[in-house]
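Report on the following structure.
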Ligand SMILES: [Fe+2]
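In the numbering used here, the protein residues as written are 1 to 199.
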């Protein structure tokens with residue numbers, strides 16, 4: 001059982017267990033499809049919760065951050081394997097297909113998850129602070145805070161993990177890149193919270 005599925009089982013105790021079995025199934029299938037996602041997803045969730053704690057979010061919002069982070073990429077189940085696992089940078093057409101995963105994830109999960117705030121994290125985790133993200137081009141505080149947190153955690157975690165076409169980055173180098181996008185791609189407060197968590 002991968003780490004993200006284990007985490008979902010842990011959360012199951014407080015929710016609708018049938019829903020969690022379905023969610024765990026989706027996350028598990030995504031890991032099989034992508035190879036690395038299970039560990040990646042669990043690590044993003046852990047880091048996102050640490051950032052939420054640093055920002056002193058209320059306990060109820062921690063749960064939204066945690067669940068949203070665990071589920072943020074399930075829309076990738078609808079992306080063709082040749083795009084998802086391409087061992088090289090994507091071309092423009094492939095990027096277009098890949099960008100659909102945020103809205104597709106929300107649509108897929110809306111049949112299972114009742115919490116609108118969790119669905120919003122999935123839909124908005126690729127929005128940018130400057131408004132140049134997707135799928136809706138929301139900017140600044142229009143983007144739910146939980147989604148801004150997951151965006152920072154996801155980007156940092158992806159950089160420090162190896163990919164088929166590149167070596168993993170060091171924490172320092174990954175954080176420098178995140179910091180260089182503060183106020184552009186990322187919410188400056190979330191970037192500062194990440195800095196505090198890493199120290
Ligand atoms: Fe994503």
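By construction, the Cβ of each residue, glycine as well, lies at the ideal position given by its N, Cα and C atoms.
Checklist line | Inter-residue CB distance, residue 122 and residue 71 (contact presumed, cutoff 8 Å) | finding: Here residue 122 corresponds to residue number 122 of the chain shown, with the count starting at 1. Here residue 71 corresponds to residue number 71 of the chain shown, with the count starting at 1. Their Cβ separation, rounded to whole angstroms, is 6 Å, which keeps residue 122 and residue 71 in contact under 8 Å.
Note to self: Quick check: what's the CA-CA separation for residue 124 versus residue 102?
What the structure shows: Taking the chain shown and counting its residues from 1, one reaches residue 124 at position 124. Taking the chain shown and counting its residues from 1, one reaches residue 102 at position 102. Between residue 124 and residue 102, the C-alpha separation is close to 7 Å.
Next item on the list: Starting from residue 166, follow its DSSP beta bridges and name the residues at the other end.
Entry: Along the chain shown, read from residue 1 onward, the residue named residue 166 stands at position 166. Looking at the DSSP assignment, residue 166 forms a beta bridge with 163.
Next item on the list: Report the partner residues of residue 182 according to the DSSP bridge assignment.
Entry: As a working mapping, residue 182 is identified with position 182 in the chain shown. Partner(s): 186.
Notebook entry, point to check: Quick one: Cα of residue 87 to Cα of residue 30, how far?
Noted result: Your numbering for residue 87 matches position 87 in the chain shown. Your numbering for residue 30 matches position 30 in the chain shown. When rounded, the distance between both Cα atoms is 17 Å.
Next item on the list: Give the straight-line distance between the Cα atoms of residue 184 and residue 173, rounded to the nearest whole angstrom.
Entry: On the chain shown, residue 184 is found 184 positions in, with the first residue counted as 1. On the chain shown, residue 173 is found 173 positions in, with the first residue counted as 1. Straight-line Cα distance between these residues: approximately 18 Å.
Margin query: Can you tell me whether residue 102 sits near ligand 1, meaning its C-beta is under 7 Å from at least one heavy atom of the ligand?
Written below: Numbered from its first residue, the chain shown carries residue 102 at position 102. Yes, since a heavy atom of ligand 1 falls inside the 7 Å radius drawn around the Cβ of residue 102.
Margin query: Measuring straight from C-alpha to C-alpha, what distance separates residue 194 and residue 152?
Written below: Mapped onto the chain shown, residue 194 falls at position 194. Mapped onto the chain shown, residue 152 falls at position 152. Those two C-alpha atoms are separated by around 8 Å.
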